Amino acid sequence: MEYCNHTVGPGFLLDFSDPPGLPGLCFTIFLLIYVTVIIGNSLIVLVTVLDLSLRSPMYFFLRNLSFLEICYTSATLPKILMCFLTGDVRISFLGCAAQLYFLVLLGSTECLLLASMAYDRYVAICDPLHYSLLMNGGFCVRLVVGSWMVAVPIQVGQTYQVFTLPFCASHHLHHFFCDVPPLLELACADTFWSWVTLHTIILLFVVLPFFMIVVSYVRIIKTVLKMHSAPSRHKAFSTCSSHLIVLTLFFGSATVAYFKHHSKDSADTDKYLALFYTILTPMFNPVIYGMRNREVRIALRKLLWGK
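The letter at position 205 of the sequence shown is residue 205 when you use the numbering used here, and the numbering goes up by one with no holes.
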């Protein structure tokens, strides 16, 4: 089969054929989403930094999650906006490799950070007497730094493995951005070990953190159900509800996207599903935490209106 050398080829063509004739409307919608993500998550970062009442580990993790969401959407949305605005759907090999690397790195970091948030809630509810001792500032910083750094060498290796493959001459990527499954579909070589690597990384950075989260929340639920006071049970569940909604949105859509069977027939479904966990979930996070968390609502009112 004819293929193009990845070092000298023109790059890839992203798939913006659907919906036809509506680039202006699509640009407006995606721009509004991006602005919402930036403003919403920036407000969460700002309010958790400035408000002295939001200095607990839970809000420290939330601040880092909001900052990560800004970075996560910035890995894909600016290029999507340029494609709608200019009609130029080309992306260079270097640009595609950079986009892929930051996408998978930030996605892995988010999984680990969400697991750290679940552990924080577990300690706060199941072992409150030792909470300040266990979740001290140094340990929280190590959890966050570890979440950001542990995936760096692994995702460098995966990106290198993908982009050393020979790609078919058409280079028409059936996706809105560069991701591992659609790139492997274009490879004109045996991709068995690349798929093994992908699913191993998913096991380490998606399945394992998700299992830890499930274990944490099973223990939390058992502890809460043993509480004799109804207000105490309500308060305990309310502190976890926002995190549970975010977990469902992110892990649910990401799991379906990566574990479902990939084929040319499902390419359109895959690319729209990918938009959910890379763009819509970061947009919903500030709304979820802002609307369902009383302390955040009060701090936002003080920040915006001085009340």
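The C-beta atom is built at its ideal place from N, Cα and C for all residues, glycine as well.
Computed from a prediction, not measured in an experiment: that's the story for all the values here.
- Beta-bridge pairing by DSSP links C126 to no other residue.
- Nearest Cα to R297 within the set V47, I38 and Y34: V47.
- According to the DSSP assignment, F16 belongs to no beta strand (DSSP E), since it is labelled neither H nor E.
- Scanning M135, S253 and Y34 for the CA closest to the CA of S74 turns up Y34.
- Secondary structure of F167 (DSSP, three-state): strand.
- Scanning Y131, F176, G137 and F276 for the CA closest to the CA of C96 turns up F176.
- Looking at the backbone, the Cα of S132 and that of S53 are separated by about 15 Å.
- Taking every protein chain shown into account, the CB of R121 has 16 or more other CB atoms within 10 angstroms, so this residue is buried.
- Non-local beta-carbon contacts of L303 in its own chain, meaning distances under 8 Å to residues more than five positions away in sequence, involve L43, L46, V47, L50 and D51 in chain order.
- Here L13 has V89, R90, H171, H172 and L173 as same chain residues with Cβ atoms under 7 Å from its own Cβ, once five neighbours each way along the sequence are excluded.
- Within its own chain, the residues whose Cβ lies closer than 7 Å to the Cβ of I38, once the five positions on either side in sequence are excluded, are I70, listed in chain order.
- Taking S66 as reference, the option from P78, V256 and G40 with the minimal CA-CA separation is G40.
- Judged by pairs of C-beta atoms under 8 Å, the region 55–62 touches the region 134–142, as three or more such pairs exist.
- Bounds of the alpha helix (DSSP H) holding F30 are P23 to L50.
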